[in-house]
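Quick note on the UniProt record's numbering: the sequence shown kicks off at 1 and runs consecutively.
Heads up: the structure comes next, in structure tokens.
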Amino acid sequence: MPYYAVKTGRSRGVFSTWSECEQMVKGFSGAKYKKFSTYDDARRFSEGTEDATGTCELNTYSENASDGSIVYTDGACIGPGDNRQAGYGVYWGPGHRLNVSERLSGEQTNNRAEIELTAVVIIGCETMMCYLVPFTILA
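This is how it looks when you write it as structure tokens:
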């Protein structure tokens, strides 16, 4: 029986079917996955411990967490009255293609920045098919 290991994807782990594995890696930028004939080899790969030197990769951001993804967001507005400047940021992880840092167009308010970033995250989730795994937005 083959095993499919995901080291970097929507969710890290070992899957018993290609369909399960594909849901974790399809459309995910920088996905790392591999097919194995034994469960132990697949587990070591997904955990980053397959290297004979005894080193393992540090899981540097939660997008690799087995319980889903975390998306970090913030909207802000500074300045008084007519001199306000607002913007927002959305962070999916290091070097992720959907990371955003933008100046808000239109009226400059904190609430509008927060609403805009929420729309950006929803569009990003559709792009990444986040509906397949749980995710958390930290604002």
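We put the CB at the ideal spot given by N, CA and C, even for glycine.
Item, Value
"Residue burial classification, K26 (beta-carbon count within 10 angstroms, cutoff 16)", "exposed"
"Cβ neighbour criterion (16 or more within 10 Å) applied to G124", "buried"
"Extent of the continuous beta strand (DSSP E) to which Q108 belongs", "Neither: Q108 is in no beta strand (DSSP E) and is coded neither H nor E."
"Among Y39, E102, N110, R97, nearest to G81 - alpha-carbon criterion", "N110"
"Residue interval of the beta strand (DSSP E) (run including R103)", "100 to 103"
"Beta carbon of R112 nearer than 9 angstroms to that of G89", "no"
"Contact under 9 angstroms by Cβ, V71 with T136", "yes"
"Straight-line gap, I122 to V100 (C-alpha atoms, nearest Å)", "13 angstroms"
"Assumed close pair A42, Y3 - CB separation to whole angstroms, cut-off 8 angstroms", "4 angstroms"
"Strand pairing of Q85, partner residues [DSSP]", "I78"
"Endpoints, alpha helix (DSSP H) assigned at residue 197", "Because the chain here runs from 1 to 139, residue 197 falls outside it and cannot be looked at."
"Spatial neighbours of S46 in its chain, beta-carbon cut-off 8 angstroms, leaving aside the 5 residues before and after", "A5, V6, K7, R12, G13, V14"
"Proximity winner among G48, R103, Q108, S29, relative to G95 (alpha-carbon distances)", "S29"
"Residue span of the alpha helix (DSSP H) that contains S19, given as start and end", "18 to 25"
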